[in-house]
Amino acid sequence: MLKNFTVKKFYAFCLLFASNIAAFSQLSGTYTIDANGSGTSNYTTFTAALSDLATNGVSGPVTFNVASGTYTEQITFDSYSGASHVNTITFQSAPSNSTSPVLTFAPTSSADASNFTASFNGAKYIMLDGLTIETSGTSYGRVFYIQGTTNQSLTIENCTINGYSGSTSSSFALFYMSAARFDTLTINNNTINNGSYMGYFYGSSSNMSEQFIFTNNTVSGFMSYGVYTGYINSGEIANNTIAQSTSSSTYCYGIRLYGLSTNSSPGYWEVHDNDISIPSYGYGLYLYYLYG
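In this text, residue positions in the sequence shown follow my numbering: the first is 4, and each later residue adds one.
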C-alpha cells in the first residue's frame, strides 16, 4: 500500500512539473532579434522567433526588439495561441538602433503563395513598428501578401516600405490581397516607395472585410494604382500624400474604393484630407457603391 501511494505521489509531481514547464514555455515580455546576439531571450532571425510563437503561443503581451542589420528572410505571420487585444505581438526597431532594421527577400515565383517578403495568413494582433520592409526581387517582388479569411487587428506603422521601381505588373504590388478578409487593418504613418501598385486590397463579395485604416502615410513612386480596394465594407483613408511616379504614363487611380451594390448592411467610410498627384491620367478619387 505504501509503495502504491508513493508511486501516485511521484506521478502527481511529474504532472505538476510538466504543466509548469509548458506554462513557462509560453512567450511573454520582451525579446530581441539580433543576428549577432545571444542568450535565451534572443533570436537570430525572424523565422526562429515566429517558430517559437507557433510552437508555444503567448501568455502575455510580447515585444521583439529588432537590432539594426539586414535580415534576408521570407516570413509568414499566423495565428498564435493566447494572442488577444491585450496579449499583442509587436516587432519593432530596437530603441537603441541608429538605423532601421531591414527585412528583405527576392521571390522566385509569381504564384501568390510564393511572391512576398512578409505574409499575413489568418494572423491576429500583430504590430510592425519602425522596420524597413522591402523586396529585393527584380523578376517578382510583392512586399506584403494578405491571405486567409480570419486576419484580425493587424497594424503596420512608422515603417519604410520599398518596392521595385519601373513595372506596372501586379507581381510588384507592395500590398496584395485577393479573395481574403480582415477585421481591422491599420497602415499608419509609413513611408511607402515605388511598386507597380501601392496596394491591391480585394476581398470577397460574400465575406467583406471591415475597418481598413490608411492614414498619415507618404506614398510615392508607384506606377499604376495607389490605394485600390474591393469588397471592403468600412474604413478611413485620411491625411495621406499619394503621388504616382513622375515617369509613369499609365492610367492611375489615386484612391479607388469599390463596394457592393447588393450590400444590405453597408458600413461607413471616411475619406478626407488626402493630397493626390497623378502626372499621367486617371482618377484621383473613384468611389463605387460606397456609403459614408
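All C-beta atoms, glycine included, are put in the ideal place defined by N, C-alpha and C.
For residue j and residue i, believed in contact at Cβ under 8 Å, the rounded distance
{"i": "SER122", "j": "TYR148", "result": "4 Å"}
{"i": "ASN197", "j": "PHE225", "result": "7 Å"}
{"i": "SER54", "j": "LYS127", "result": "About 18 Å; that fails the 8 Å criterion."}
{"i": "GLY72", "j": "GLN29", "result": "At roughly 28 Å, the Cβ-Cβ gap does not stay under 8 Å, so GLY72 and GLN29 are not in contact."}
{"i": "ILE164", "j": "ILE195", "result": "5 Å"}
{"i": "LEU177", "j": "MET211", "result": "About 22 Å; that fails the 8 Å criterion."}
{"i": "GLY144", "j": "PHE175", "result": "5 Å"}
Coarse secondary structure for residue i, derived from DSSP in three states
{"i": "ASN161", "result": "coil"}
{"i": "LEU290", "result": "strand"}
{"i": "ASP278", "result": "strand"}
{"i": "SER62", "result": "strand"}
{"i": "SER181", "result": "strand"}
{"i": "SER174", "result": "helix"}
{"i": "GLY285", "result": "strand"}
{"i": "THR43", "result": "coil"}
{"i": "ASN191", "result": "strand"}
{"i": "ASN266", "result": "coil"}
{"i": "TYR271", "result": "coil"}
{"i": "TYR74", "result": "strand"}
Residue i to residue j span [Cα, whole Å]
{"i": "ASN68", "j": "ALA97", "result": "4 Å"}
{"i": "SER168", "j": "TYR294", "result": "34 Å"}
{"i": "PHE217", "j": "THR158", "result": "10 Å"}
{"i": "ASN242", "j": "TYR286", "result": "18 Å"}
{"i": "ILE258", "j": "SER199", "result": "14 Å"}
{"i": "ALA109", "j": "TYR256", "result": "27 Å"}
{"i": "TYR34", "j": "SER103", "result": "17 Å"}
{"i": "SER44", "j": "ALA51", "result": "12 Å"}
{"i": "TYR74", "j": "LEU106", "result": "5 Å"}
{"i": "TYR289", "j": "ASN90", "result": "38 Å"}
{"i": "TYR3", "j": "ASN154", "result": "Any answer about residue 3 is impossible in this case: the structure gives the chain only from 4 up to 295."}
{"i": "THR66", "j": "ILE136", "result": "18 Å"}
{"i": "LEU188", "j": "ILE235", "result": "11 Å"}
{"i": "SER209", "j": "SER156", "result": "21 Å"}
{"i": "SER142", "j": "PHE119", "result": "12 Å"}
{"i": "PHE215", "j": "THR265", "result": "20 Å"}
{"i": "SER280", "j": "PHE49", "result": "36 Å"}
{"i": "TYR271", "j": "GLY40", "result": "47 Å"}
{"i": "PHE27", "j": "ILE36", "result": "Note on PHE27: pLDDT 46, under 50, position unreliable in the model; the coordinate value appears next. Spanning the two alpha carbons is a distance of roughly 20 Å."}
{"i": "THR249", "j": "SER223", "result": "9 Å"}
{"i": "SER299", "j": "LEU131", "result": "Absent from the model: residue 299. The displayed extent of the chain is 4 to 295, so no value can be given."}
{"i": "TYR291", "j": "TYR231", "result": "12 Å"}
{"i": "CYS162", "j": "ASN100", "result": "14 Å"}
{"i": "ALA70", "j": "THR244", "result": "30 Å"}
{"i": "ASN220", "j": "ILE190", "result": "8 Å"}
{"i": "GLY238", "j": "GLY42", "result": "42 Å"}
{"i": "HIS88", "j": "THR58", "result": "20 Å"}
{"i": "TYR261", "j": "SER117", "result": "27 Å"}
{"i": "SER283", "j": "GLY166", "result": "20 Å"}
Boundaries (first-last residue) of the beta strand (DSSP E) holding residue i
{"i": "THR35", "result": "30–36"}
{"i": "SER223", "result": "221–225"}
{"i": "SER122", "result": "121–124"}
{"i": "GLY202", "result": "200–205"}
{"i": "ASN196", "result": "194–196"}
Start-to-end residues for the alpha helix (DSSP H) that takes in residue i
{"i": "ASN59", "result": "49–59"}
Below-8 Å beta-carbon distance, residue i vs any chain C residue
{"i": "SER99", "result": "You won't find chain C in this structure, because it holds only one protein chain."}
In chain order, what are the residue ranges of uninterrupted alpha helix (DSSP H) at least 4 long that sit wholly in the stretch 76–162? none
Tell me the start and end of each unbroken beta strand (DSSP E) in the stretch 210–264 that is at least 3 residues and wholly inside, in chain order. 213–218, 221–225, 228–233, 238–241, 244–247 and 254–261
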